[in-house]
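Numbering (my numbering), first residue to last: 5 to 102. Ideal placement from N, C-alpha and C gives every residue a C-beta, glycine not left out. Remarks on the structure that follows.
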Amino acid sequence: MFAAQFALSHVCWLIAYPLAGQAGAIEGMGTAFGAAAALALIGTVIAFWIWPAADVEVLAHTHDDLPRDHPHLLEGHPGGRARHAFVIDELHPRWPIA
């Protein structure tokens, strides 16, 4: 997950930095600032538009595929029902359905 976030952020930098530099060199720093601010505003609006409204950080879920003595299940989750900040990783390859 971190690698995907890292790659996405660097692709954004790869686009934004040359645009800001070219705008500053051709049109001036005021225009470059305005273009960068507009790009940031567009990105923020898109993020608010596509982000789920009911996105909770901590999700309760089960691990039916793990053995009962797996370290993840022994982290204080009674009955094998885990409840923690959810990230996609090797133990959680998909977002839980419910």
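Exercise. Taking the DSSP output, what are the residues bridged to histidine 65?
Worked result: DSSP output for histidine 65 lists Ala86 as bridge partner(s).
Exercise. Just to confirm, are alanine 20 and alanine 40 a CB contact at a threshold of 8 Å?
Worked result: yes
For this session: Please classify glycine 34: does DSSP put it in a helix, a strand, or coil?
Result: In the three-state DSSP reduction, glycine 34 falls in the helix class (H, G or I).
Problem set entry | Other residues of its chain near alanine 86: CB distance less than 8 Å, five sequence neighbours each side excluded | Ala64, His65, Thr66, His67, His76, Leu77, Glu79
Problem set entry | Expected contact under 8 Å - CB spacing of alanine 36 and alanine 27 to nearest Å | Indeed, because the Cβ distance is near 4 Å, the residues count as touching under 8 Å.
Problem set entry | Option in Leu95, Val62, Glu61 with minimal Cα separation from histidine 74 | Leu95
For this session: Enumerate in chain order the residues of its own chain whose CB-to-CB distance from proline 97 is below 6 Å, with the five nearest sequence positions on each side excluded.
Result: none
Exercise. With distances taken between CB atoms, is the gap from glutamate 61 to alanine 89 smaller than 8 Å?
Worked result: yes
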